[in-house]
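Just so you know, we're using my numbering here: the sequence shown kicks off at 5 and counts up by one.
A virtual CB, placed ideally from N, CA and C, is assigned to each residue, including glycine.
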Amino acid sequence: MPKVLHQRARCIGCNLCFEIWPLRWRMSHIDGKCTLVNGTEKKGIWQVIISEDEVPYNQKVALACPLKIITIIK
Ligand code: SF4
Numbered sequence: 005m006p007k008v009l010h011q012r013a014r015c016i017g018c019n020l021c022f023e024i025w026p027l028r029w030r031m032s033h034i035d036g037k038c039t040l041v042n043g044t045e046k047k048g049i050w051q052v053i054i055s056e057d058e059v060p061y062n063q064k065v066a067l068a069c070p071l072k073i074i075t076i077i078k
């Protein structure tokens with residue numbers, strides 16, 4: 005199953021991921037960074053397994069992220 009990885013600590017809260025795919029990305033009101041919906045953290049990397057159908061949306065997000073801190077593993 006495909007996976008999304010997010011280096012959340014480096015996020016600058018630009019909002020792009022949320023604008024592109026709000027079903028998977030939310031902005032935190034606590035620290036202003038984005039949050040990977042249903043993600044779990046392991047050694048500083050947030051990750052979640054996604055369906056094949058969701059891959060293109062997250063690929064678009066990964067391309068748009070100015071810091072390139074989102075990776076899709078297929
Ligand atoms: S697009 Fe990148 S930098 Fe912008 S809020 Fe999302 S993860 Fe953070």
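{"Check": "Cutoff 7 Å: proline 60 Cβ touching any chain C Cβ", "Outcome": "The structure shown has no chain C; it contains just one protein chain."}
{"Check": "DSSP beta-bridge partners of arginine 30", "Outcome": "Thr39"}
{"Check": "Close-in-space but distant-in-sequence residues of the same chain around serine 55 (CB under 8 Å, 5 per side omitted)", "Outcome": "Met5, Pro6"}
{"Check": "Closer than 6 Å: leucine 40 CB and nearest the ligand SF4 heavy atom", "Outcome": "no"}
{"Check": "Reference isoleucine 24, options Lys47, Cys69, Thr44, closest by Cα", "Outcome": "Cys69"}
{"Check": "Of the listed residues Leu71, Gln51, Val41, Ile76, nearest to arginine 28 (C-alpha basis)", "Outcome": "Val41"}
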